[in-house]
Amino acid sequence: MNPSSPQAKEMADESMVRNLAAQIEAIWPQEEPIFRRHPPPKDARVLDAGCGTGEIAPRIAALFPQTSYLGIDLEESHLERGRARFRDLGDRIRFQHGDVLHLPFADAQFDLAISRHVLQALPDARRALSEMVRVLKPGGRLHLIAEDYGMLWCHPTELDSDGFWQRIPNLYGPAVGCDLHVGRKTFTHLTDLGLHGINADYVVVDTLRVPRETFARIWEAWRDGYSDSIVQHTSVPREEVERRWREMIACVRDPRGYALWQVPVWTAAKST
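Numbering-wise, the numbering used here puts 9 at position 9 of the sequence shown, and it's gapless, one number per residue.
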């Protein structure tokens, strides 16, 4: 296992491909206006640190037609998928094997650095942020989705969903060496790194704003990719883990049910 990716097995699982596809479908309608607020300059270079399958790549290409995009990731199968899917966009979109904690670039190379759904899966989120700031040009911007697994709930379920979201991340994160509550800590990290214009937006993934089936696909992918690992690394029995997923996913699909995932989106600028 690469020490930079404690969740390498889960990241490489086929469920992650489904997860990333459902997440972009749920999140992009609210995330796009955040990107529009600070458009990059003409001919900007965009880095996607921990790009996965590159779901954001064609959206950035369409939103900012004069930019070039480079996605890096440790999982080669995701990179190959991105290259195959977006080949028709030519050299504007490229994918490269690379480590977010040790970016293979000289200083001040990019106008915009993006990192989505990554920081909570790393052993050192602050180092990753420091690396992204390093490779930004003066005045360059960061755009981060920094997940926080204390920001989910749903009702009704027989077992209170807090018994999952307020308990299991506190056991699982330390066991695998990741910070599953990095979303609430990102302001402090960015401040310590000397960034300015720090702003927090919240994408509200819930059963009022997002189609229920889309939301259910996200939680099904999480269930399929992480249940074995949760059982392995926590004291929670498999039967309980499976029941909680079953009830929560049923709640998402229930016309009477309400489910919420608040997704912090942090933006900031490097000093000129």
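C-beta: ideal position from N, C-alpha, C; glycine also. Note that the structure is a prediction, hence the values are computed from the model and not measured.
Is there a Cβ from chain D that is less than 8 Å from the Cβ of residue i?
i, result
"D162", "As a matter of chain content, chain D is missing from the structure shown, which is built from one protein chain."
Exposed or buried, which one is residue i when buried takes at least 16 other CB atoms within 10 Å?
i, result
"K42", "exposed"
"A179", "Just to set this straight, residue 179 is Asp in the shown sequence, not Ala. So D179 counts as buried."
"Y202", "exposed"
"E80", "exposed"
"R244", "buried"
"D107", "exposed"
"D91", "exposed"
"H102", "exposed"
"D13", "buried"
"E76", "exposed"
"T191", "exposed"
"L70", "buried"
At what residues does the beta strand (DSSP E) containing residue i begin and finish?
i, result
"L47", "45 to 49"
"I145", "136 to 145"
"D111", "110 to 116"
"V263", "258 to 269"
"L159", "It is not in any beta strand (DSSP E) - L159 carries neither H nor E in the DSSP assignment."
Looking only at its chain, what residues have a beta carbon closer than 7 Å to the beta carbon of residue i, apart from the 5 residues adjacent to it on each side?
i, result
"Q23", "H117, I218"
"F105", "V135"
"H78", "G52, T53"
"R18", "R217, A221"
"G194", "S271"
"V210", "A26"
"I230", "I168, Y172, V236, V241"
Beta-carbon within less than 8 Å of residue i's beta-carbon, same chain only, minus the 5 sequence neighbours each way: which residues are those?
i, result
"P40", "V46, F64, T67, D111, L112, R141"
"T234", "I168, L171, Y172, A175"
"P138", "A108, K270, S271, T272"
When you compare the CB positions of residue i and residue j, do they come within less than 8 Å of one another, or not?
i, j, result
"P169", "H155", "no"
"S15", "D224", "yes"
"I72", "Q96", "yes"
"G82", "A62", "no"
"I198", "F215", "no"
"A26", "V205", "yes"
"S271", "H196", "yes"
"L159", "E220", "no"
"V265", "E31", "yes"
"A175", "Q7", "no"
"G150", "Q166", "yes"
"Y226", "E10", "yes"
"E147", "V252", "no"
In chain order, what residues of the same chain have a beta carbon less than 6 Å from the beta carbon of residue i, not counting five sequence neighbours either side?
i, result
"V100", "A49, G50, A128"
"G98", "I72, P104"
"E131", "L103"
"I34", "D201, V265"
First and last residue of the alpha helix (DSSP H) that includes residue i?
i, result
"R22", "Sequence inspection shows Ala at residue 22; the Arg mentioned does not correspond to that position. That run of the alpha helix (DSSP H) goes 14 to 37."
"I168", "168 to 176"
Residue ranges of each beta strand (DSSP E) within the segment 187 to 241, 3 or longer: 196 to 206
Ordered list of alpha helix (DSSP H) runs contained in the segment 58 to 107, each at least 4 residues: 76 to 85
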